[in-house]
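Each residue of the sequence shown is one higher than the one before, counting from 1 in full-length UniProt numbering.
The beta-carbon is built from N, C-alpha and C at its ideal position, and this holds for glycine as well.
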Amino acid sequence: MREAGVRCLPLNVVGSVACAFGAAFSACVFQQQLMASLYLAVIVVALACYGIQRAALPRVDDALAAEVILGGEQGDGGSPLPLVFAHRGGGHDAPENTLAAIREAKRNNASGIEFDLSFTHDSVAVLFHDETLERTTDGEGLLAATTFEALRRLDAASKHAFAERFRGERVPTVEEGVEECLRLGLRLIVDVKEYDHRAVALVDELFRKRPELYRRALVASFYPQFIYALRRQNPGIVTALTWRPGFVAYEDVENLRPRFKSFVKHWIARVGDWLLERALHGGVLPHLTGASAVLVCKNALSAQYVRSWRDQGLHLIAWTPNHPAEKEFLRKVLRVPIITDTLRHA
1 MREAGVRCLP LNVVGSVACA FGAAFSACVF QQQLMASLYL AVIVVALACY GIQRAALPRV
61 DDALAAEVIL GGEQGDGGSP LPLVFAHRGG GHDAPENTLA AIREAKRNNA SGIEFDLSFT
121 HDSVAVLFHD ETLERTTDGE GLLAATTFEA LRRLDAASKH AFAERFRGER VPTVEEGVEE
181 CLRLGLRLIV DVKEYDHRAV ALVDELFRKR PELYRRALVA SFYPQFIYAL RRQNPGIVTA
241 LTWRPGFVAY EDVENLRPRF KSFVKHWIAR VGDWLLERAL HGGVLPHLTG ASAVLVCKNA
301 LSAQYVRSWR DQGLHLIAWT PNHPAEKEFL RKVLRVPIIT DTLRHA
């Protein structure tokens, strides 16, 4: 029996109103959660930026970096031309990473030498690129498992096209390579093959023993953590970050040989490349490490790409053009220094 003056709503209307209130409440809760997540994300990003800013290392003086990287060759008509560095001493002209290659590069009018720093089993720093001995010497096995005494007995020219001319050439120590470059008046790019505390201590000691290196040498690596550790220990060294597309996931420049057989590891490496590329080109890594330059594979270069780095106040060096037309384009059109395997057509 309905009481007088009381009007009851139909059940379907009550249900609809309840649903509407429930949906509105849920939407409100979701919005609050979303806003809280956004606020948290903003706080995390702000803290990360603050941390990077606090941890960032200042670059060396721009004039010093330009002196090391750009030099002052004179081209046609008296206009300065970017420098030419002999890759591993000019591995097409003489056995790579040897004193003979350094001397040959000097005879072929190189501006400087790029060489690789690696360690033997007994922690002697040597000029050597590969992890194994077979490609460039008459030895076998891992460099890291070979003592310096054993390495010194190997012929570093045995696999070279001009083996007869350079027969008996030995693998030099890093100190021998540096001394030869300085004796011949050559600039240096020291390429550190991996992040290793021994390399940090060694490079720091080399610069302190030979102060002229501060104005003659550039230290480069694919590993930003090495550049950061080195510059924290010795902030006066001019450094560069080395990069090519696919470095984490692929062994070769053409990105044809994956580093990992596992599908999962390969795709994790691909993600690593994506993150590395954005951290580098977004300016995070150059800012954090205080690097003055980037060494980039020639295949990635264009006029716009070169301009983008110059807009950030960074120098760019291209590796490794070997065709005369490539070299001319990079040096005379894009106006960048180059690292090449042969000086015969520089």
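**Request:** To the nearest angstrom, report how far apart residue 227 and residue 289 are at their CA atoms.
**Result:** 6 Å
**Other residues of its chain near residue 147: CB distance less than 7 Å, five sequence neighbours each side excluded** = 120, 121, 122
**Request:** Specify the secondary structure class of residue 69 as computed by DSSP and reduced to three states.
**Result:** helix
**Asked** Out of 145, 168, 241, 246, which has the shortest C-alpha to C-alpha gap to residue 156?
**Response** 168
**Item:** Endpoints, alpha helix (DSSP H) assigned at residue 207
**Value:** 197 to 209
**Message:** Out of 145, 126, 312, 278, which one is the CA nearest neighbour of residue 132?
**Reply:** 145
**Item:** Cβ distance (whole Å) where residue 106 is taken to contact residue 184 below 8 Å
**Value:** 5 Å
**Message:** Rounded to whole angstroms, what is the Cα-Cα separation between residue 57 and residue 165?
**Reply:** 47 Å
**Request:** Count the other CB atoms, across all protein chains shown, that sit within 10 Å of the CB of residue 257; report buried if there are 16 or more and exposed otherwise.
**Result:** exposed
**Prompt:** Taking the runs of the alpha helix (DSSP H) that are 4 residues or longer, which of them lie wholly in the segment 269 to 335?
**Reply:** 284 to 289, 303 to 311, 324 to 328
**Expected contact under 8 Å - CB spacing of residue 239 and residue 231 to nearest Å** = 6 Å
**Prompt:** With respect to the beta strand (DSSP E) encompassing residue 241, which residues constitute its N-terminal and C-terminal limits?
**Reply:** 239 to 243
**Request:** Check residue 223 in the structure and name its three-state DSSP category.
**Result:** coil
**Item:** C-alpha gap between residue 25 and residue 296, whole angstroms
**Value:** Model confidence at residue 25 stands at a pLDDT of 46, short of 50, so the residue's coordinates are unreliable and nothing is read from them.
**Message:** So, at 7 Å on beta carbons, what are the nonlocal neighbours of residue 331 in its own chain, with the 5 sequence-adjacent residues on each side left out?
**Reply:** 81, 82, 338
**Item:** Backbone CA spacing between residue 66 and residue 317 [nearest angstrom]
**Value:** 12 Å
**Prompt:** In chain order, what residues of the same chain lie with their CB nearer than 6 Å to the CB of residue 273, ignoring the 5 residues before and after it?
**Reply:** 246, 248, 249
**Asked** What is the DSSP secondary structure of residue 338, reduced to helix, strand or coil?
**Response** strand
**Request:** Counting only runs of 3+ residues fully inside the segment 84 to 154, write out the beta strand (DSSP E) ranges in chain order.
**Result:** 84 to 87, 112 to 119, 125 to 127
**Item:** Three-way DSSP call (helix, strand, coil) for residue 217 in this model
**Value:** strand
**Asked** Which partner residues of residue 250 appear in the DSSP bridge assignment?
**Response** 258
**Prompt:** What first and last residue would you give for the alpha helix (DSSP H) that runs through residue 167?
**Reply:** Where residue 167 is concerned, there is no enclosing alpha helix (DSSP H), given that its DSSP letter is neither H nor E.
**Cβ-Cβ separation, residue 218 to residue 69 (assumed contact under 8 Å), whole Å** = 6 Å
**Prompt:** Is it the case that the Cβ atoms of residue 154 and residue 130 are separated by a distance below 8 Å?
**Reply:** no
**Request:** Please classify residue 61: does DSSP put it in a helix, a strand, or coil?
**Result:** coil
**Prompt:** Would you call the CB atoms of residue 200 and residue 233 closer than 8 Å?
**Reply:** yes
**Request:** Would you mind stating whether residue 111 and residue 143 have Cβ atoms separated by less than 8 Å?
**Result:** no
**Asked** Which residue's Cα is closest to the Cα of residue 276: 303, 300, 259, 244?
**Response** 244
**Item:** residue 103 versus residue 136 - alpha carbon distance
**Value:** 18 Å
**Prompt:** Between the beta-carbon of residue 292 and the beta-carbon of residue 59, is there less than 8 Å?
**Reply:** yes
**Prompt:** Between which two residues does the beta strand (DSSP E) carrying residue 344 extend?
**Reply:** Per DSSP, residue 344 belongs to no beta strand (DSSP E) and is neither H nor E.
**Asked** Is the distance from the Cβ of residue 173 to the Cβ of residue 126 below 8 Å?
**Response** yes
**Message:** Using the three-state DSSP reduction, which class does residue 182 fall into: helix, strand or coil?
**Reply:** helix
**Asked** What's the gap between the Cα of residue 116 and the Cα of residue 186?
**Response** 16 Å
**Prompt:** So, residue 160 versus residue 341, is the Cβ gap smaller than 8 Å?
**Reply:** no
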